[in-house]
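Structure, rendered in structure tokens:
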């Protein structure tokens, strides 16, 4: 179906088609906020954290481009993207439900690989789903809605254990040292992961392929070789600005993974004088790390809108450089911060 022929959707329908993105991002947020502490509860030392966290970057590097290319060539009774949504959501839900019950490190690490694979199977087709379903002039609203749900989901996922302390004692732990509030947060995430995806594809199903699109798929049959060929073509034809940003993004993602892996341990040492994951003080440090994480996600969402006029005035390159420098300075100061209020200031 050509773009001009695509039916226009109301704002409510655009919101509904992106509700699944909320569940997806809630899952990512739970992982970022809790996997480091969960590994610690199960006996991991800090030196092994990077190896235990490899699932995220590796599945993102491998799964996303392959699934993106495959979904472009998929034709099924359910649509092009829907099979990937459902497979990814089911994997996510199963892994989220099982994660806080992990009896050993290797089980938790294996579940993280499954969780990240599921997240990435869903993520790439979801972006294409917006372009497939919306007319060109409605796509900015669709992607802005995704951004809004990303900020909301990440904020709530980080806050979930703290909010659950209103119903569960924060020091109630299981035999493996995992707090009950973390277990319940992951169960909520498992329910959201599958239910929000199902809601989106039920309320706003994919459009049937046009005759031209069906002919194009028939001429380019689905296969592993065709998928890798598409990936190679995309890399070869990558716009110059994206190539220029590649190294900067590499450094930024390195910094973010270091933050996610070690923030609870850093706060435990600086604010609570502990690095023992089995202690009540470390559980308090974990809650503090999650609270400031929720705050920085909220600030990131709000500042993205506030920076628009500044970028127009000063240019994207200058604003980007200043923001990165400020973020780097904040990360250097976090391990030495001895006041909880100071951590919130650094999150700005």
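In the working numbering, the protein residues as written are 1163 to 1510. Using N, Cα and C, we set each Cβ at its ideal position, and we do this for glycine too.
Residue nearest to residue i in terms of C-alpha spacing, selected from the options
i            : options                   : result
residue 1335 : 1479, 1489, 1204 and 1475 : 1204
residue 1447 : 1457, 1440 and 1434       : 1434
residue 1216 : 1272, 1253, 1299 and 1250 : 1272
residue 1176 : 1232, 1294, 1472 and 1455 : 1294
residue 1266 : 1479, 1337 and 1182       : 1337
residue 1371 : 1478, 1235 and 1299       : 1235
residue 1174 : 1304, 1190 and 1218       : 1304
residue 1377 : 1206, 1237 and 1228       : 1237
residue 1208 : 1439, 1190 and 1363       : 1439
residue 1226 : 1306, 1315, 1393 and 1185 : 1393
residue 1246 : 1320, 1233, 1455 and 1318 : 1233
residue 1212 : 1420, 1478, 1310 and 1465 : 1420
residue 1321 : 1346, 1299 and 1465       : 1346
residue 1185 : 1319, 1454, 1299 and 1229 : 1319
C-beta atoms of residue i and residue j nearer than 7 Å
i            : j            : result
residue 1196 : residue 1340 : no
residue 1510 : residue 1324 : no
residue 1497 : residue 1432 : yes
residue 1168 : residue 1297 : yes
residue 1210 : residue 1278 : no
residue 1257 : residue 1276 : yes
residue 1365 : residue 1178 : yes
residue 1308 : residue 1459 : no
residue 1260 : residue 1200 : no
residue 1349 : residue 1255 : no
residue 1190 : residue 1311 : no
Buried or exposed by the 16-neighbour rule on C-beta atoms within 10 Å, applied to residue i
i            : result
residue 1415 : exposed
residue 1166 : At residue 1166 the pLDDT is 48, less than 50, meaning the model places this residue with poor confidence; the figure from the coordinates comes in the next sentence. Counting Cβ neighbours within 10 Å, residue 1166 comes out exposed, since fewer than 16 surround it.
residue 1329 : exposed
residue 1476 : exposed
residue 1395 : exposed
residue 1483 : exposed
residue 1418 : exposed
residue 1188 : buried
residue 1194 : buried
residue 1470 : exposed
residue 1485 : exposed
residue 1397 : exposed
residue 1243 : buried
residue 1286 : buried
residue 1202 : buried
residue 1362 : buried
Backbone CA spacing between residue i and residue j [nearest angstrom]
i            : j            : result
residue 1248 : residue 1284 : 8 Å
residue 1280 : residue 1404 : 26 Å
residue 1428 : residue 1422 : 11 Å
residue 1163 : residue 1241 : Unreliable positioning characterises residue 1163 in this predicted model, as indicated by a pLDDT of 46, which lies under 50. The coordinate reading is nonetheless provided below. Spanning the two alpha carbons is a distance of roughly 13 Å.
residue 1301 : residue 1387 : 31 Å
residue 1513 : residue 1412 : As displayed, the chain neither begins before 1163 nor continues past 1510, which places residue 1513 out of reach and without an answer.
residue 1437 : residue 1468 : 38 Å
residue 1457 : residue 1192 : 15 Å
residue 1463 : residue 1313 : 5 Å
residue 1231 : residue 1359 : 21 Å
residue 1452 : residue 1472 : 30 Å
residue 1507 : residue 1425 : 15 Å
residue 1332 : residue 1171 : 44 Å
residue 1495 : residue 1505 : 9 Å
residue 1512 : residue 1262 : Limits of the chain in this structure are 1163 at one end and 1510 at the other, which puts residue 1512 out of reach.
residue 1493 : residue 1288 : 32 Å
residue 1466 : residue 1219 : 24 Å
residue 1481 : residue 1407 : 14 Å
At which residue ranges does the segment 1392-1426 contain complete beta strand (DSSP E) runs of 3 or more residues, listed in the order of the chain?
The segment 1392-1426 contains no complete beta strand (DSSP E) run of 3 or more residues.
Can you list the alpha helix (DSSP H) stretches of 4 or more residues lying completely in the segment 1338-1380, in chain order?
1342-1365
To test your reading of the DSSP string, which unbroken alpha helix (DSSP H) runs of 4 or more residues are found completely within the segment 1227-1268?
1244-1260
Write down every uninterrupted run of the alpha helix (DSSP H) in the segment 1459-1507 whose length is 4 residues or greater and which is fully enclosed by it, in chain order.
Taking only runs of at least 4 residues, the alpha helix (DSSP H) segments lying wholly in the segment 1459-1507 are 1478-1495.
Entirely enclosed alpha helix (DSSP H) segments - the segment 1299-1326, minimum 4 residues
Listed in chain order, they are 1301-1326.
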